[in-house]
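Note sheet for the following structure.
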Amino acid sequence: MIYKTRKDLIKALKDAPKGEKRAQILSIEQNRNLIKNSGANVTLYSGDVLDNNNPIQDLDNIHIGVIQRLNAKTGYPDGIGALGGLSERTDEDEFNHMDIHQKQQLLGQKDDIIVQNGKVVLTNDINIIRINNVMRETKEELGNLGIYNFNLDKNQIHLIQMEDIRDDNFAINIWDNKGDVWCITPYCHILKTTEQTLDILANRSADIHKHEQNSEAAEYKKIKLTQALKSFGNCSGNNKLEDGRNANTDYRYPHEWLATWALASDLLHNDENKLTLLYKQIQLQTPWKISFKNAAQKMGKDLDFVAKTLNISLQAVENMENLPAGTVLINSHNRSI
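Residue numbers for the sequence shown follow the numbering used here, so the first one is 412 and each next one is one higher.
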């Protein structure tokens, strides 16, 4: 059934049990569009690739920054993630009834309000909104940790091409009929910085040890990229969440985890043989299955989407997904290691 208004759709979602029934309602694009919003994040990374002809060693100097997240309602650990969050948008009718002073006050607070030709205007340009989203969320989340003097260079923020991914898990499986509900199209970014910068942010976070009430940000940490590559799909251990993730070590969002593989692929110049060997090396260190298919399904996508995100062939991704333990692909031939 197609609903005509946001109000009607929200009532239908409230009446539907969590899970499959809600998923069916939101599988209809016209329905999803009624509660569609965007989000944006950025992964800071440092280091340069070595040239040992061994991918896991070549990436040994690459570090990234991650937020250790808490569930804002329960206060319990809820995985790791990049700096980012939901976009802040402005109602067009409300904006049109504001005076100039009110509009100016929203600059930097609303991601779709900008100055253009000397005037404060409302924009629907997603390329502007996503960057403003990243800048604002980075400032807010680090501020929640007591770090107030860190500024991103917006010109160094690079978008990872991910084709219209979906983050609908909250609306389908979590929303308890209270507060706002959104279906989110996230935009993932990377930004190269120095290892010293990551160390400063991590050390300040640890030293200040601040956590604001109702904030999801608990700590900013520096980890190896190769550690991040395995941080999804861990269904082992005692500290598990209802969706199967490990609350301490797994990425909350599959698109943020996939962004780390996109970064690795980019650093290895999208070399399919090297990336396949890296996958095998990481998998051999990991007791759980590293599954691109599982992550893609959670985003409403398939392995073809993963291949495009990693900028390699679908066949290479399928080979990685299906690779049996103890073999790698080198020069398109299976060889034991």
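Cβ coordinates follow ideal geometry from the N, Cα and C atoms, glycine included.
Where residue i falls, given that 16 or more other Cβ within 10 Å makes a residue buried
i	result
LEU410	For residue 410 there is no data in the structure shown, the boundaries of the chain being 412 and 748.
ALA483	exposed
HIS474	buried
ASN543	buried
ASP575	exposed
HIS512	exposed
ASP578	buried
LYS418	exposed
GLN441	exposed
GLN694	buried
ASN463	exposed
ALA629	buried
GLU683	buried
ASN657	buried
ASN560	exposed
GLU548	buried
Rounded C-alpha distance that separates residue i from residue j
i	j	result
ASN687	ILE524	Residue identity differs from the one stated: residue 687 is Thr in this sequence, not Asn. Cα to Cα, the separation comes out at about 43 Å.
ILE491	TYR631	9 Å
ILE619	ILE421	41 Å
MET401	ILE436	Because the chain here runs from 412 to 748, residue 401 falls outside it and cannot be looked at.
GLU431	LYS621	39 Å
LYS447	CYS594	5 Å
ALA718	PHE643	18 Å
ALA427	ALA582	11 Å
LEU669	ALA706	8 Å
ASN722	LYS691	18 Å
TYR662	ILE540	24 Å
LEU640	THR671	6 Å
ILE439	ASN507	31 Å
ASN681	ALA675	8 Å
ILE537	LYS712	21 Å
LYS700	LEU734	11 Å
THR485	GLN726	43 Å
LEU461	ASN472	8 Å
LEU424	LYS704	27 Å
GLN527	GLN516	15 Å
LYS685	GLU623	43 Å
GLY476	ALA613	8 Å
LEU679	GLY519	36 Å
ASN580	ARG433	10 Å
PHE510	VAL531	According to the sequence shown, residue 510 is Asp rather than Phe. The straight-line gap from Cα to Cα measures roughly 10 Å.
ILE634	ASN730	28 Å
GLY590	LYS429	16 Å
SER724	GLY529	46 Å
VAL592	TYR414	16 Å
PRO665	SER616	25 Å
ASN588	THR501	23 Å
ILE611	LEU455	13 Å
ALA451	ASP564	16 Å
When the options are compared against residue i, the one with the closest alpha-carbon
i	options	result
GLY496	ASN464, LYS521, TYR487 and HIS512	LYS521
LEU636	GLN441, ASP715 and ILE467	ILE467
ALA673	ASN566, SER498 and VAL728	VAL728
ALA584	SER724, TYR414 and LYS709	Correcting the residue type first, residue 584 is Asn in the shown sequence and not Ala. Looking at the Cα atoms, LYS709 is the closest of the given residues.
ASN566	HIS512, GLY590 and VAL453	VAL453
SER626	LYS589, GLN527, LYS415 and PRO488	PRO488
LEU445	SER702, ASP587 and THR416	THR416
GLU503	LYS530, ILE478, GLN479 and ASN535	ASN535
GLU552	PHE716, LEU714 and ILE478	ILE478
GLU667	THR720, VAL592 and LEU695	THR720
SER498	SER457, SER449 and LEU533	SER449
PRO597	ASP459, ALA493 and THR608	ALA493
SER457	TYR559, THR605 and VAL545	THR605
ASN659	LEU481, ASN465, THR608 and LEU455	LEU481
THR608	ASP587, GLN638, TRP586 and ASN562	ASN562
SER702	LEU556, ILE558 and GLU732	GLU732
ASP459	GLU505, ASP677 and GLN638	ASP677
Identity of the residues DSSP links to residue i by a beta bridge
i	result
THR454	ILE601
GLN527	LYS530
LEU481	PRO488
LEU609	Its beta-bridge partners do not exist; DSSP assigns none.
LYS632	VAL477
ASP578	ILE595
HIS569	ILE601
TYR662	ILE491
LYS521	LEU518
heavy atom of the ligand NAD below 7 Å from residue i C-beta
i	result
ASN463	In the structure on display, the ligand NAD does not appear, and there are no ligands present to speak of.
Next on the checklist: Whether or not the stretch 570–578 and the stretch 593–609 are in contact is what I'm after, with contact meaning three or more pairs of Cβ atoms, one per stretch, closer than 8 Å; do they touch?
Outcome noted: The stretch 593–609 vs the stretch 570–578: in contact.
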